[in-house]
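Reading through the structure tokens given below for one structure.
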Amino acid sequence: EAGVAQSPRYKIIEKRQSVAFWCNPISGHATLYWYQQILGQGPKLLIQFQNNGVVDDSQLPKDRFSAERLKGVDSTLKIQPAKLEDSAVYLCASSPQGEPGGYTFGSGTRLTVV
Amino acid sequence: GNSVTQMEGPVTLSEEAFLTINCTYTATGYPSLFWYVQYPGEGLQLLLKATKADDKGSNKGFEATYRKETTSFHLEKGSVQVSDSAVYFCALVNTGFQKLVFGTGTRLLVSP
Numbered sequence: 001e002a003g004v005a006q007s008p009r010y011k012i013i014e015k016r017q018s019v020a021f022w023c024n025p026i027s028g029h030a031t032l033y034w035y036q037q038i039l040g041q042g043p044k045l046l047i048q049f050q051n052n053g054v055v056d057d058s059q060l061p062k063d064r065f066s067a068e069r070l071k072g073v074d075s076t077l078k079i080q081p082a083k084l085e086d087s088a089v090y091l092c093a094s095s096p097q098g099e100p101g102g103y104t105f106g107s108g109t110r111l112t113v114v
Numbered sequence: 115g116n117s118v119t120q121m122e123g124p125v126t127l128s129e130e131a132f133l134t135i136n137c138t139y140t141a142t143g144y145p146s147l148f149w150y151v152q153y154p155g156e157g158l159q160l161l162l163k164a165t166k167a168d169d170k171g172s173n174k175g176f177e178a179t180y181r182k183e184t185t186s187f188h189l190e191k192g193s194v195q196v197s198d199s200a201v202y203f204c205a206l207v208n209t210g211f212q213k214l215v216f217g218t219g220t221r222l223l224v225s226p
């Protein structure tokens, strides 16, 4: 079974620039998550999709972050404009519907904002 | 709200030593509990889980028991190896929700 694919693996941008991350979940997984992991901290949920609908985006800074999951498959997370404090690893995960905690994580995208 | 508290790291041990990483939680209802491991340069991997009180999760020599009375889920291993060096995260999922709530992680360093 193929895992959760994320790209790019690394990204360095200047503050105020924009950046986008891509995630392709495991085939058939209805639920997709984006987490932000700041160095030295645990991952924090940014947004959760069920198929192509948003279930929870309460922690997403909506003035600069946006995410979409068209057709209920792959997903894109965008930051515009980026701030220094957005430097983090952005993790994508997916799980089958109705399986709490049955996540598979991707390797993540490490973003550095300078 | 739901939260997870882990012991501060790093935890530094010699090979074959006994490992305990403490984890306590706060949650309404009856959460499921998890330990995830993150090896250097890699993504998070599920290590073990327990879904109800008194359940014991185990994998790769690691164990953790769901203790409702003490709201704890401490991770243990009888004899650690250098290859166990990683960051370990305790997490919970509450009934009715699917989002994982993580602790801050504990770095384990094992020397030969």
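The listed protein sequences correspond, in order, to chains A and B.
Residue numbers are given in the working numbering: position 54 of the first sequence equals residue 54, and the series is strictly consecutive.
Residue numbers are given in the working numbering: position 68 of the second sequence equals residue 182, and the series is strictly consecutive.
The beta carbon of each residue, even a glycine, is placed where N, CA and C say it ideally should be.
> Below 8 Å between beta carbons: does that hold for S87 (chain A) and L60 (chain A)?
Replying inline: Taking the first residue of the first sequence as position 1, residue 87 (chain A) is located at position 87. Taking the first residue of the first sequence as position 1, residue 60 (chain A) is located at position 60. Their beta carbons are not under 8 Å apart, which means S87 (chain A) does not touch L60 (chain A) by this criterion.
> Can you pull the DSSP bridge partners for A93 (chain A)?
Replying inline: Position 93 of the first sequence holds residue 93 (chain A). For A93 (chain A), which the question treats as bridged, DSSP gives the partners A:Y33, A:F105.
> Short check: CB of L45 (chain A) to CB of K213 (chain B), under 8 Å?
Replying inline: By 1-based counting over the first sequence, the position of residue 45 (chain A) is 45. By 1-based counting over the second sequence, the position of residue 213 (chain B) is 99. A contact, by the Cβ cut-off of 8 Å.
> Looking at the structure shown, is S177 (chain B) part of a helix, part of a strand, or coil, going by DSSP?
Replying inline: In the second sequence, counting from the first residue as 1, residue 177 (chain B) sits at position 63. In the sequence under discussion, the amino acid at residue 177 (chain B) is Glu, which differs from the Ser named in the question. Strand.
>> Pop quiz: S18 (chain A) and K83 (chain A) are said to be a contact at Cβ under 8 Å. What is the actual Cβ separation, rounded to whole angstroms?
In response: Locating residue 18 (chain A) in the first sequence gives position 18, counting from the first residue. Locating residue 83 (chain A) in the first sequence gives position 83, counting from the first residue. Contact doesn't hold; Cβ gap of about 12 Å is too wide.
> Going along chain B in order, which residues have a C-beta closer than 9 Å to the C-beta of S95 (chain A)?
Replying inline: Your numbering for residue 95 (chain A) matches position 95 in the first sequence. Within chain B, the residues near S95 (chain A) are Q212.
> Nearest-angstrom Cα distance between G108 (chain A) and A164 (chain B)?
Replying inline: Here residue 108 (chain A) refers to the residue found at position 108 when the first sequence is read from its first residue. Here residue 164 (chain B) refers to the residue found at position 50 when the second sequence is read from its first residue. Taking the straight line joining both Cα atoms gives about 26 Å.
>> Quick check on the DSSP output: the beta strand (DSSP E) that includes R221 (chain B) runs from which residue to which?
In response: Taking the second sequence and counting its residues from 1, one reaches residue 221 (chain B) at position 107. Element bounds for R221 (chain B): 220 to 225.
> Looking at the C-beta of F132 (chain B), does it have a partner C-beta in chain A at a distance below 8 Å?
Replying inline: Walking along the second sequence from the start, residue 132 (chain B) turns up at place 18. Chain A contact via Cβ: absent.
>> My output table needs one value for D198 (chain B): the three-state DSSP class, helix, strand or coil.
In response: The residue given as residue 198 (chain B) occupies position 84 in the second sequence. Note: D198 (chain B) maps to helix in three-state DSSP.
> Roughly how far, in whole angstroms, is the beta-carbon of W34 (chain A) from the beta-carbon of I47 (chain A), given that I think they are within contact range, below 8 Å?
Replying inline: Within the first sequence, residue 34 (chain A) is the residue found at index 34, counting from 1. Within the first sequence, residue 47 (chain A) is the residue found at index 47, counting from 1. Contact flag correct, Cβ pair sits at about 5 Å.
> So T76 (chain A) and A20 (chain A) are in contact, right, with Cβ under 8 Å, and what is the actual spacing, rounded?
Replying inline: Stepping through the first sequence from its first residue, residue 76 (chain A) is reached at position 76. Stepping through the first sequence from its first residue, residue 20 (chain A) is reached at position 20. That pair is a contact at about 6 Å.
> Between Q125 (chain B) and the rest of its own chain, which residues show a CB-CB distance below 8 Å, the 5 nearest in sequence each way excluded?
Replying inline: For the purposes of this step, residue 125 (chain B) is taken as residue 11 along the second sequence, with counting starting at 1. In the sequence as displayed, the identity of residue 125 (chain B) is Val instead of Gln. Contacts found: L133, I135, T220, R221, L222, L223.
>> Quick check on K71 (chain A): does DSSP put it in helix, strand or coil?
In response: Taking the first sequence and counting its residues from 1, one reaches residue 71 (chain A) at position 71. Three-state DSSP puts K71 (chain A) in a helix.
> Quick one: what does DSSP say L39 (chain A) is sitting in, helix, strand or coil?
Replying inline: The residue you call residue 39 (chain A) lines up with position 39 of the first sequence. Coil, per DSSP.
>> On the CB-based measure, 16 or more other CB atoms within 10 Å of its CB, does S95 (chain A) come out buried or exposed?
In response: Position 95 of the first sequence holds residue 95 (chain A). Buried is the call here.
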